[in-house]
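Participant:
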Amino acid sequence: MQPKTRRASQTSPAAEPAAPAPAGARNPGGRAGVAKRALASEIAQAIRLRMYRPGEWLRQIDLEEKFQATRFDVRSALEELAIRKTIEHVPNRGYRVMEVDLATYRAIRDTRIILEAGAMPGVVAHIGDDEIARLAALAAAFSEAVVTGTRTQQSEINSEFHHLIYASCGNPVMDETIWALRDRSRGSSVTVWASHEALLASARDHHAMVEALRRRDAAELAALITRHIDKDAG
2 MQPKTRRASQ TSPAAEPAAP APAGARNPGG RAGVAKRALA SEIAQAIRLR
52 MYRPGEWLRQ IDLEEKFQAT RFDVRSALEE LAIRKTIEHV PNRGYRVMEV
102 DLATYRAIRD TRIILEAGAM PGVVAHIGDD EIARLAALAA AFSEAVVTGT
152 RTQQSEINSE FHHLIYASCG NPVMDETIWA LRDRSRGSSV TVWASHEALL
202 ASARDHHAMV EALRRRDAAE LAALITRHID KDAG
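With the first letter of the sequence shown counted as 1, position 81 gets the number 82 in the working numbering; the numbers rise by one all the way through.
1. What three-state label does DSSP hand residue 58 in the structure shown?
2. Name the two residues that bound the continuous alpha helix (DSSP H) containing residue 96.
3. Rounded to whole angstroms, how far is the Cβ of residue 214 from the Cβ of residue 222, which I believe are closer than 8 Å?
4. How would you call residue 52, buried or exposed, if buried means at least 16 neighbouring beta carbons within 10 angstroms?
5. Using DSSP bridges, identify the partner residues of residue 88.
6. Whole-angstrom Cβ separation of residue 57 and residue 98, contact assumed at under 8 Å?
7. Our contact map puts residue 218 next to residue 48 with C-beta atoms below 8 Å; I'd like the distance itself, whole angstroms only.
8. Applying the criterion that 16 or more other CB atoms from any shown protein chain within 10 Å of the CB defines a buried residue, is residue 232 buried or exposed?
9. From this set, 198, 91 and 120, which residue's C-alpha is nearest residue 148's C-alpha?
10. Around the Cβ of residue 81, are there at least 16 other Cβ atoms within 10 angstroms (buried) or fewer (exposed)?
11. Counting only the same chain and skipping the five closest in sequence on each side, list residues whose C-beta sits under 7 Å from that of residue 207.
12. Which two residues bound the contiguous alpha helix (DSSP H) that contains residue 180?
13. Check this for me: beta carbons of residue 175 and residue 119, under 9 Å apart or not?
14. Buried or exposed: which applies to residue 84, given that a residue is buried once 16 or more other Cβ atoms fall within 10 Å of its Cβ?
15. Kindly indicate the opening and closing residues of the alpha helix (DSSP H) around residue 248.
16. Please state whether the Cβ-Cβ distance between residue 168 and residue 155 is less than 9 Å.
17. Residue 131: buried (16+ other C-beta within 10 angstroms of its C-beta) or exposed?
18. If we ignore side chains and look at the alpha-carbon of each, how far apart do residue 111 and residue 67 end up?
19. One question on the structure: do residue 64 and residue 78 come within less than 9 Å of each other, judged by their Cβ atoms?
20. Looking at the structure shown, is residue 69 part of a helix, part of a strand, or coil, going by DSSP?
21. Going by Cα to Cα distance, which pick from 186, 195 and 75 is closest to residue 43?
22. Mark residue 229 as exposed unless 16 or more other C-beta atoms lie within 10 angstroms of its C-beta, in which case mark it buried.
23. Out of 117, 90 and 203, point me to the one whose CA is closest to residue 170's CA.
Rendered as structure tokens:
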């Protein structure tokens, strides 16, 4: 606190002010207090959108620039993602996006089904009408993006849709674990939405999930989630 007081007293009214740092610029307090977990989620989202491919090396200085973060925050976020197994740390080399073989991908899929279907009673118990209305809007937006949008737009809407569902389960640890597994599976060669029909099927699933939520039908919702995950397994 004391050094700040001295600097303030030494600043002349006529002195030329320093250029303001851009939002989130790298500085000791970087990202205006955004936690490392938030930055880790931003990087994970970029991996989810295939901005970084399986096996691709992540250069720390590039991440600092792209996400306007401090070196410390980027390093902390990379460590967090390595714990989640979204990326892997190679000693003396750095970090790269995890590569997942098909057997591991299928094991992740099976675990996701257990967790995500198991979260549905909590979602039905906790989700509010406003959240359901938002999900309906996102389902409509995804259907539109299937026809006119880019793959990035489709992925972003899909991610927001599922984030809202799992955030409503009433169990933040389950929500976090579900997303760690979803992100880990991005390191596989399996292509989600390998065809236009697959996109249309996902769009239909989203609308069906919204209707199940309106009816507060946890069993139907769990069955829809299971199908939604299983159809992309290959």
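Every residue gets a Cβ at the ideal spot worked out from N, C-alpha and C, and that includes glycine.
Please read these numbers as outputs of a predicted model, since none were measured by experiment.
Facilitator: To lay it out plainly:
1. By 1-based counting over the sequence shown, the position of residue 58 is 57. It is a strand residue.
2. As a first step, residue 96 is located in the sequence shown; it is residue number 95 there, counting from the start. Run containing residue 96: none in the alpha helix (DSSP H); it sits in the beta strand (DSSP E), 95–98.
3. To locate residue 214, count along the sequence shown from 1; it is residue 213. To locate residue 222, count along the sequence shown from 1; it is residue 221. About 6 Å separates the two Cβ atoms, so the contact holds.
4. Start at 1 with the first residue of the sequence shown, and residue 52 comes out as number 51. With fewer than 16 Cβ atoms within 10 Å of its Cβ, residue 52 is classed as exposed.
5. To locate residue 88, count along the sequence shown from 1; it is residue 87. Answer by DSSP bridge pairing, in chain order: 98.
6. The sequence position of residue 57 within the sequence shown is 56, counting from 1. The sequence position of residue 98 within the sequence shown is 97, counting from 1. With 8 Å as the limit, residue 57 and residue 98 qualify as a contact, their Cβ atoms being about 5 Å apart.
7. Translated into positions along the sequence shown, residue 218 becomes position 217. Translated into positions along the sequence shown, residue 48 becomes position 47. At roughly 33 Å, the Cβ-Cβ gap does not stay under 8 Å, so residue 218 and residue 48 are not in contact.
8. Here residue 232 is taken as the residue at index 231 of the sequence shown, counted from 1. Flag for residue 232 reads exposed.
9. The count along the sequence shown starts at 1 and reaches residue 148 at position 147. Comparing Cα positions, the closest option is 198.
10. If you number the sequence shown from 1, residue 81 lands on position 80. Buried is the call here.
11. As a working mapping, residue 207 is identified with position 206 in the sequence shown. So the list reads 140, 143 and 162, once near-sequence residues are dropped.
12. Mapped onto the sequence shown, residue 180 falls at position 179. Run containing residue 180: 173–185, per the alpha helix (DSSP H) assignment.
13. Sequence index remark: in the sequence shown, residue 175 carries index 174 (1-based). Sequence index remark: in the sequence shown, residue 119 carries index 118 (1-based). Yes, these two residues count as a Cβ contact at 9 Å.
14. If you number the sequence shown from 1, residue 84 lands on position 83. So residue 84 ends up on the exposed side.
15. There is simply no residue 248 to check, as the chain begins at 2 and stops at 235 in what is shown.
16. Against the sequence shown, residue 168 aligns to sequence position 167. Against the sequence shown, residue 155 aligns to sequence position 154. No, these two residues do not count as a Cβ contact at 9 Å.
17. Start at 1 with the first residue of the sequence shown, and residue 131 comes out as number 130. It counts as exposed.
18. Taking the first residue of the sequence shown as 1, we reach residue 111 at position 110. Taking the first residue of the sequence shown as 1, we reach residue 67 at position 66. Near 34 Å, if we compare the C-alpha coordinates of residue 67 and residue 111.
19. On the sequence shown, residue 64 is found 63 positions in, with the first residue counted as 1. On the sequence shown, residue 78 is found 77 positions in, with the first residue counted as 1. Taking 9 Å as the Cβ cut-off, residue 64 and residue 78 qualify as a contacting pair.
20. Within the sequence shown, the letter at position 68 stands for residue 69. Three-state result, residue 69: coil.
21. Residue numbering aside, residue 43 sits at position 42 when the sequence shown is read from its first letter. Measuring from the Cα of residue 43, the nearest candidate turns out to be 75.
22. Residue mapping note: residue 229 aligns to position 228 of the sequence shown, counting from 1. Burial call: buried.
23. For the purposes of this step, residue 170 is taken as the residue at position 169 of the sequence shown. Here the closest residue by C-alpha is 117.
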